[in-house]
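The sequence shown: position 22 = 55 (my numbering), numbered continuously. Shown next, in structure tokens, is the structure this report addresses.
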Amino acid sequence: MLLDESRREQWNDFVRASEYPNAMQSWEWGELKATTGWKPMVVAVEDGGKIVAGAMILRRQIPRIGRCLLYAPRGPVLDWSDADLFARLVGEIRTTAARVGGVALKIDPPVPADRADVVPMLERHGFRFTGDDDPDLGGTQPRYVLKTDLTPDLDELLASFHSKWRYNIRLAERRGVSVREGTREDLPEFYDRLQHTAGRDGFRVRGYDYYEAIFDLLVPAGLAKLFITEFEGRIIGGAVLFRMGDEAVYVYGASQADYHKQMPNHLLQWEMMQWAKANGCRTYDFRGVSKEVDGEPLGELGGLNRFKRGFNAQYTEYIGEYDLVLSPLWYRLYRLAMRARG
């Protein structure tokens with residue numbers, strides 16, 4: 034069934050309590066993506082009025098053919114050990130997809146690759162792996178991540194970091210770097226630092242209005258928080274942290290090379306970890322890194338692996354992206370159209 038606006042909080046509560054909670058499956062994430070042209074919908078399976086499985090699905094029209102592509106970012110959400118429940122959810126998704134003209138559904142749930150039960154279940158229902166072998170990404174969302182366990186007390190947590198990282202945290206404090214929670218008034222300067230970082234490191238940044246929408250939609254819902262680093266009264270960087278359930282995820286980080294010697298990034302990560310732990314998070318996800326084999330990074334992002342591992346972060350590889358073709362004829366036409374466009 035499709036959930037309406039009145040079920041927003043019930044849906045979000047379900048995602049928070051799930052095995053693999055992620056802000057990208059929240060109701061508000063759908064609203065955020067609606068500002069970029071996607072149309073969100075939440076498909077759910079219920080037992081006795083209680084949500085037991087579901088997916089926040091984004092859909093986008095395919096030009097000229099009157100059909101749409103579907104994408105469940107970091108979804109679907111369910112007990113992945115329950116094959117019957119998954120079958121029910123796939124049935125609900127197929128029914129809804131037929132109603133809206135869905136051609137194919139892409140999923141990329143944050144399910145660890147070492148779960149032997151999930152991939153065979155996906156394949157039985159027609160899902161096919163569509164990720165790639167890029168050691169630095171592996172899909173639309175990062176397939177390779179590093180996570181720090183936040184359950185030890187703060188002293189134990191800090192002691193688990195590499196000694197040089199602990200030194201750099203103390204050094205930043207001694208040199209006068211500070212970290213605080215950001216406000217909407219900080220957004221213009223944060224965005225300027227983010228653009229600076231993107232130009233230096235070679236990644237794309239969305240338009241300013243996207244970050245305004247994060248403040249309008251995710252921050253009031255408790256799903257996102259901006260942190261600001263300052264030195265001598267000047268904003269020198271910061272980061273956006275997502276939170277859903279017991280997991281915090283580091284997403285948009287900004288810094289200035291001119292202040293590297295002040296070690297602001299080490300202090301920033303430590304302060305965000307403390308905030309996440311104080312707000313009930315058990316895991317801190319540093320997000321995308323290079324694929325690792327026997328502890329060694331393979332891709333060009335290896336420097337990120339080394340920085341994040343200094344915070345006692347452990348490597349996790351997800352199962353990756355899977356597509357379910359919902360309308361074979363329209364899917365073939367779509368693929369032909371894409372090839373024709375080059």
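For every residue, glycine included, the Cβ atom is placed at its ideal position computed from N, Cα and C. The structure displayed is predicted, hence computed values, not measured ones.
Comparing alpha-carbon positions, the option among L111, P145, P330 lying closest to K83 turns out to be L111.
If you draw a 10 Å sphere on the C-beta of I98, you find fewer than 16 other C-beta atoms in it, and that means exposed.
Minimum Cα-Cα distance from G336 among the listed residues D150, R267, I261, S323 corresponds to S323. In this structure, N338 lies away from L103, with their beta-carbon atoms at least 8 Å apart. Straight-line measurement puts the Cα of V136 at about 32 Å from the Cα of A254.
In the structure shown, Y243 adopts helical secondary structure according to DSSP, grouped into three states. When the beta-carbon positions are compared, E280 and P142 stay at least 8 Å from each other. According to the DSSP assignment, Q289 belongs to no alpha helix (DSSP H), since it is labelled neither H nor E.
Secondary structure within the segment 56-122: the alpha helix (DSSP H) runs of 4 or more consecutive residues, fully enclosed, are 60-67 (chain order). In the displayed model, Y200 falls within a helix according to three-state DSSP.
In this structure, G215 keeps its C-beta atom at 8 Å or more from the C-beta atom of G270.
Contact check for F119 and M74: beta-carbon distance about 19 Å, past the 8 Å limit, so the pair fails to qualify. The Cβ neighbour count for Y224, taken over all protein chains shown within 10 Å, is at least 16; the residue is labelled buried. Note on H299: 16 or more other CB atoms within 10 angstroms of its CB, so buried under the neighbour-count rule. When only Cα atoms are considered, G278 and W60 end up about 14 Å apart.
Under DSSP, A257 shares a beta bridge with F275. Taking the Cα of T129 as reference, the smallest distance to any Cα among R92, K66, I352 is reached at R92. For D318, the enclosing beta strand (DSSP E) begins and ends at 316-321. DSSP, read as helix, strand or coil, puts S39 in helix.
The beta carbon of L359 sits closer than 7 Å to those of R127, A130, G135, V136, A137, L138, all from its chain and outside the five residues before and after it, given in chain order. Under a 10 Å Cβ-count criterion, A50 is classified as exposed, with fewer than 16 other Cβ atoms of the shown protein chains found around its own Cβ. Per DSSP, reduced to three states, the secondary structure at Q307 is helical. Linking T69 to L357 through their CA atoms gives a straight-line distance of about 24 Å.
Closest in C-alpha terms to S211, from the list Q43, A287, F264, G286, comes F264. The C-alpha of D80 lies about 29 Å from the C-alpha of W71.
By the Cβ rule, the segment 299-316 does not count as touching the segment 162-173, because fewer than three pairs are nearer than 8 Å.
Spanning the alpha carbons of D37 and P96 requires a straight line of approximately 27 Å. Relative to the Cα of L301, the nearest Cα in the group E156, I140, R213 belongs to R213. Excluding residues up to 5 positions away in sequence, V136, A137, V358 lie with their Cβ nearer than 7 Å to the Cβ of Y364 in the same chain. For the 8 Å CB-CB criterion, I140 and Y348 do not form a contact. Around the CB of D318, 16 or more other CB atoms lie within 10 Å, so the residue is classed as buried.
Distance from the CA atom of F194 to the CA atom of G235, rounded to whole angstroms, is 28 Å.
Put simply, the backbone Cα of A287 is about 15 Å away from that of G321.
Just measuring C-alpha positions, the residue of Q94, V78, Y244 sitting nearest P109 is V78.
In the structure shown, the three-state DSSP call for K324 is coil. Taking the CA atoms as reference points, H229 sits about 13 Å from R239.
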